[in-house]
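Numbered by mature numbering (1 follows the signal peptide of the UniProt record, and there is no 0), the letters in the sequence shown go through residues -20 to -1, 1 to 221 in order.
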Amino acid sequence: LHTPMYFFLTHLSLADVCYSTVISPKMLTDLLFGNKTISWAGCVTQFHLFALFATAECHLLAAMAYDWHVAVCHPLSYVTAMSPRACWQLMAWSYLVASLSALIYTGCTFGGSFCGPRRVNHFFCNASPVLRLACWDTRGSQAAIFALAAANGLGTSLLILLSYGRVLHALLGMRSAPSRARAFRTCASHLVSVSVFYGSLFFMYLQPASRHGSRDKVASLFYAVVSPVLNPFIYSLRNKE
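So this is what it looks like as structure tokens:
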């Protein structure tokens, strides 16, 4: 049963490392040495890669929730449902959707001209602070980003909640108290990790642009730094049970 779990954990950890690496080293360099500059190409690349791996993480978390649901609710069909081919298909789908989404995010954010002081009021090149520097009417771009973020974020989060809801229902029917307690701890730890990631993500993207402010920087630290550190620890620790 652990093979698909560790398969998805490996790719989740890879996504965590990639999108954290895109942001954290540059951010730490800026804070330590005060060299707070980035080229135009660097800004576009940073945002595109961050959007790609963050979106991939949403779908990988959903795939892991589905894997956990099948393992608990349908153990007899687990080997068939979560075959190596099925696991690779879910992983490939995650990165395919993430790649297409990242292209749209990047096009909506950097698709026009910019004027005035090119000073991004953020730790990294994110959509909201970059669009504040635009010379064109960004309402269409903001609406597209909002809609796509909602589709990726809400769609995968609903799948996760549905999967864990069915898992909890199945756990309540377990006769073995020790097994039920271990499964509950595993489920709770997974939900904590998911809540940190999605909570900060929704705070950043699923609110009117006019409300974006300094609190965005705090929220961005959670899904760019804290969540990547927590995920491998939480999932690997609990999957051992």
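Beta carbons: idealized from backbone N, C-alpha and C, even for Gly.
Quick caveat: nothing in here was measured; it's all calculated off a predicted structure.
**Q.** Residues that DSSP places opposite phenylalanine 94 in a beta bridge
**A.** Phenylalanine 94 is bridged by DSSP to Ala114.
Q: Find out if the Cβ-Cβ distance for the pair valine 77, histidine 49 is shorter than 8 Å.
A: no
Q: Could you have a look at methionine 44 and say whether DSSP puts it in helix, strand or coil?
A: helix
**Q.** Selection from Thr35, Ala131, Arg160 that minimises the alpha carbon distance to serine 74
**A.** Thr35
Q | Sub-8 Å separation of alanine 150 and valine 52 beta-carbons | A | yes
Q.
Need the endpoints of the alpha helix (DSSP H) that valine 100 sits in, please.
A. Careful: valine 100 lies outside any alpha helix (DSSP H) and carries neither H nor E.
Q) With contact counted as at least three CB pairs below 8 Å, one residue from each stretch, are the stretch 100 to 115 and the stretch 63 to 73 in contact? A) no
**Q.** Whether lysine 16 touches histidine 102 by CB criterion (8 Å)
**A.** no
Q: Return helix, strand or coil for lysine 16, following the three-state DSSP convention.
A: coil
(Q) Would the stretch 21 to 34 count as touching the stretch 77 to 94 if we require 3 or more Cβ pairs under 8 Å? (A) yes
Q: Output the distance between the C-alpha atoms of proline -17 and proline 64, rounded to the nearest integer angstrom.
A: Separation of proline -17 and proline 64 (C-alpha to C-alpha, rounded to the nearest whole angstrom) is 7 Å.
Q: Between the Cα of valine 172 and those of Ser121, His54, Ser207, Cys95, spot the shortest distance and give me the residue it belongs to.
A: Ser207
Q | Helix, strand or coil at asparagine 211 [DSSP, three-state] | A | helix
Q) Could you give the residue range of the alpha helix (DSSP H) that holds histidine 149? A) 119 to 152
Q. Where does the unbroken alpha helix (DSSP H) through valine 59 begin, and where does it stop?
A. Counting along the chain, the unbroken alpha helix (DSSP H) around valine 59 starts and ends at 58 to 61.
Q.
Could you compute how far the alpha carbon of serine 156 sits from the alpha carbon of leucine 148?
A. 14 Å
Q) Anyone know if the C-beta pair for leucine 139 and alanine 42 falls short of 8 Å? A) yes
Q | Beta-carbon proximity of leucine 210 to valine 174, cut-off 8 Å | A | Against a cut-off of 8 Å, the Cβ pair of valine 174 and leucine 210 comes out as no contact.
(Q) DSSP three-state label for serine 156, please. (A) coil
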